[in-house]
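Residue numbers (my numbering): 1 to 879.
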């Protein structure tokens, strides 16, 4: 504060623009009026035109130094206070500046809190100086009152210790009354009391302690009782360490100077700081003898600067750096072992700074680090990759490549070969936002591309073979049907007696001819149906129909056979008119007729067959196209049953359960296979349960709701149902290309969120720590999952990198003091922002729900890992 009580007016003189700006901003935020200068000449010019209460000046300035500026300022009337700062500090230098009139002497790097305290003290000192300047006078031999009175108008005044000294009965101490002290001792005491720098005097043979206000912090709770007492009593806990030094000086030894000397001291709140002998305070100090006019030692001068705070801060910084280095090493180790390749290239020449094992495997084990990309990989010249790197570094926009061909010589003597890579180039920036390099991240998809091309060629070949088979079967069916129909026709004519009377034996033989011919036609029809289904050429018509009607028509087809074998058919679907299915009525009837015909065939005379309808979720053995609730039509018989070991085979083409022991023959072994194919083609399935000797239940499952159109899947002999959502690659590409803008929006949302008040003042680097790496790997995973190179376990738990990054993220948030609830909200915001970015980039795109759902699931998994890591880290830290 100024003498008038207003804000202090401070002039900062510093030739380092960065430090000058930092000091100016710090003091300005604390309410001071701040001006700046970069030289002593500029500072002097400012003093000529503006009022200044305090100068904070570097000691080393271009041209005229800070010490010269100090001397010149002290010649001015009502001179401002003066604080010296320097990186080249010694005690002798500090004493010189203090003697020249400096109010304080601070060393770089500066502790800003210490600076603020020093500024307040210097301004207060200046105010007191001006107040006492009006009445201070010289007064010899008047005790401590006289010592006060002899302070010159420009000296600093500290009231507490000086006032305390007045109350001490010095005559009762070994030093005797003040008026009996030598002129040298009185002068040294006066200088000590006037200095703001921590100074103590150890006077007389008993080393009676006299000190100033600056020394109070060194004493702690020992003040004020320490004033006028023997130093060995005041500092008894360290006397074994310091006592020999005084003895050495008494014997004529040189002055002592020590930097960052460790001590175990007992001050306010520190009595239990550590076991005896374990340092809890560090000091830089000088100790020299004070000699009288005849050279005798009258005491010792101790100038002290406590360095405990600085050393502890440095140690905390070293620990933090060591932790950061360990975390970085751990992350680099993960990157080194990651299956995806990664490289970091710096500068306009794209010099390799880092390359993981996968990258070295891609390009061959070459000497990469420290070399420009075209020097390390000369075969990349004229392939366009250098130009892409230039564009990303200069423009700041990531580049995403899909199955990009690259020609590489993967060994020194090897021939160049073509590889295919999925990759992203994205820029990296320093703390000031300047782009400094490019990260290359991706996967070698050569085998996938080759496998897909081989599969495409094989598929084309298979399709051609399938079409050839279909053409053959169609032709053969025509060629076979013609003579078979002729055989049936002639058999019927013979049976009608056109060539004469037919005996009973002949009639029996003609019936056998007709039955065998009919069986052969059925076999041809079944083979043609199976061929159409496997080729995806089966045409279906979809309607929503009552199950009861179709069941009734199917039962009507087999009723004569059942009646002939005296088997009771029970239709329980007639009363369930509300049960409907979506499908092709003719094909559903065909399936049911096959199931009912088999039941009649394998049920002994007098048995029962029951048909039931309803809605339920299909069992796994139904091999249905969906897990949603479906309409079912069940056919249960009291037949001979099927052995458990035969159940796996009954749906295979040309395969039947072995029932030769039961005397039941016939059938092609195609009916159940075709039935299951047709059911799956309509979006359903077919299941079977059986107990040998008791009977079997075959259940047809069909969709009950949905669009009345054919499912998109092709009906193939070995259908598989891919659980990977559509549009994963498109969503992953959007995330990769927009990581910088996504992170910016993420930070803005967090800082404005009422549930995350700690984010408002947090550094942006801390807020996005690990997030960019997580998003880069997440986007890569989405892309590789769609193209088939990503393992399916990523659909549930994410990649190894994602899990590790989430764990490191939780630890970092624990160090920042975040709660599990805050981390959960952070991941929720990241998911919301990512979804917004994707929907904005892909407006109106169909089928995004599955991909966005997977993205949300992977982020939820990362959230769980982060919060678990945070809890463990918090517990380990004892918070």
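Using N, Cα and C, we set each Cβ at its ideal position, and we do this for glycine too.
| Check | Outcome |
| --- | --- |
| Start-to-end residues for the alpha helix (DSSP H) that takes in residue 888 | No information on residue 888 is available, as it lies outside the stretch 1 to 879 that the chain covers here. |
| Inter-residue Cα distance where the pair is residue 834 and residue 859 | 10 Å |
| C-alpha distance - residue 1 paired with residue 8, whole-angstrom precision | Interpretation of residue 1 is limited by its pLDDT of 46, a score under 50 that renders its predicted location unreliable; the figure taken from the coordinates is listed afterwards. One C-alpha to the other measures close to 4 Å. |
| Three-pair Cβ contact test at 8 Å for the segment 330-342 versus the segment 379-390 | no |
| Residue 197 - DSSP class collapsed to helix/strand/coil | coil |
| Segment limits, alpha helix (DSSP H) that includes residue 760 | 757-760 |
| For residue 386, three-class secondary structure by DSSP | helix |
| Burial state of residue 444 (16 or more Cβ within 10 Å) | buried |
| Range of the contiguous alpha helix (DSSP H) that encloses residue 359 | 357-363 |
| Alpha helix (DSSP H) runs wholly inside the segment 812-875, at least 4 long, in chain order | 820-841 |
| Reference residue 640, options 681, 417, 605, 281, closest by Cα | 605 |
| Cutoff 6 Å; reference residue 568; Cβ partners in own chain excluding five residues on either side | 608 |
| Cβ contact check for the segment 489-501 and the segment 449-456: 3 or more pairs under 8 Å | no |
| Residues of its chain near residue 216, where Cβ-Cβ distance is below 6 Å and the 5 sequence neighbours each way are ignored | 223 |
| Residue 8, DSSP secondary structure in three states | coil |
| In DSSP terms, what residue 702 is bridged to | 631 |
| Bridge partners - residue 544, DSSP secondary structure assignment | 582 |
| CA nearest to the CA of residue 425, picked from 344, 82, 634, 592 | 344 |
| Rounded C-alpha distance that separates residue 220 from residue 267 | 5 Å |
| Close Cβ partners of residue 55 (< 6 Å) along its chain, the five nearest in sequence each way excluded | 11, 80, 82 |
| Residue 232 versus 838, 204, 286, residue with shortest Cα-Cα distance | 204 |
| For residue 212: DSSP bridge partner residues | None, per the DSSP bridge assignment. |
| Cross-strand partners of residue 425 (DSSP beta bridge) | 399, 440 |
| CB-CB length for residue 782 against residue 856, believed under 8 Å | With a Cβ gap of about 12 Å, residue 782 and residue 856 do not count as contacting. |
| Pairwise C-alpha distance: residue 633 and residue 643 | 23 Å |
| Minimum C-alpha distance to residue 262 - residue among 255, 306, 297, 57 | 306 |
| Residues near residue 44 in its chain [Cβ-Cβ closer than 8 Å; skip 5 each side] | 69, 72 |
| Neighbour-count burial assignment, residue 439, 16 or more Cβ in a 10 Å radius | buried |
| Meets three-Cβ-pair contact criterion under 8 Å: the segment 288-306 and the segment 182-191 | yes |
| Close Cβ partners of residue 122 (< 7 Å) along its chain, the five nearest in sequence each way excluded | 54, 81, 83, 103, 104 |
| Cα-Cα separation, residue 374 to residue 350 | 9 Å |
| At least 3 beta-carbon pairs within less than 8 Å: the segment 404-424 vs the segment 350-366 | yes |
| Whole-Å CB distance - residue 61 paired with residue 119, under 8 Å assumed | Not a contact, Cβ separation roughly 20 Å. |
| Distance CB(residue 807)-CB(residue 744) smaller than 8 Å | no |
| Alpha carbon of residue 873 to alpha carbon of residue 821, nearest angstrom | 15 Å |
| Minimum C-alpha distance to residue 687 - residue among 672, 681, 693, 694 | 672 |
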